[in-house]
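Beneath this line is the structure, given in structure tokens, with notes to follow.
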Amino acid sequence: MRIYFIRHGIAEAFASDDKRRGLTFEGRMKLEDTFSKFAKKFKKEGITDYRIFCSTYQRSMETAEILSEYLGEPYSIKQYLGGCTTKELMYRLELSRKKCYILISHEPYISNWIFELTGEDVIVSRGSIHKIDI
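Just so we're aligned: the sequence shown equals residues 15 to 148 in this note's numbering.
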């Protein structure tokens with residue numbers, strides 16, 4: 015199984031509710047650049063059996079919308095990507111029975127999942143993409 019972990023793009027500093035913080039203009043522009051390059055590489059690999067999942071947070075959904083446009087695939091919103099254990103994450107992914115997942119989520123969840131799955135301690139910047147094979 016291959017997993018691409020993507021942290022949402024640069025978001026607004028303040029909102030009435032953290033879940034409602036959207037992407038900034040700069041965040042959108044940086045994601046456009048990153049995802050245009052990513053989509054070309056991803057399509058070259060010929061992966062067709064995959065899903066795009068994002069958390070319920072506004073900035074995560076907006077990030078997924080941009081990626082979805084570049085890949086030409088819809089995304090699904092998953093509550094558990096707003097924070098769950100690695101065990102729960104893997105259980106839910108295995109239920110979907112796909113070979114590849116693109117997961118859009120938040121810190122510190124992404125770095126924790128990557129560490130628990132690979133033993134690697136990584137820095138997860140906004141808009142960054144991290145690929146792991148399990």
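The C-beta atom is built at its ideal place from N, Cα and C for all residues, glycine as well.
Fair warning: this is a prediction, and the values are worked out from it, not measured in the lab.
query                                                                                                                       : result
CB-CB length for residue 124 against residue 19, believed under 8 angstroms                                                 : 5 angstroms
Through-space distance from residue 128 to residue 134, alpha-carbon basis                                                  : 7 angstroms
Identity of the residues DSSP links to residue 68 by a beta bridge                                                          : 91, 118
Sequence-distant residues of the same chain with beta carbon closer than 6 angstroms to residue 145, five excluded per side : 18
Cα-Cα separation between residue 102 and residue 36, rounded to whole angstroms                                             : 27 angstroms
Spatially closest choice to residue 25 from 46, 74, 62, 80, by CA coordinates                                               : 74
Residues bridged to residue 19 [DSSP beta-bridge criterion]                                                                 : 117, 144
Proximity of residue 67 and residue 117 at Cβ, strictly below 9 angstroms                                                   : yes
Member of 108, 72, 109, 61 whose CA lies at the smallest distance from the CA of residue 86                                 : 61
Exposure of residue 89, with buried meaning 16 or more beta-carbon neighbours within 10 Å                                   : buried
Range covered by the alpha helix (DSSP H) that runs through residue 124                                                     : 123-132
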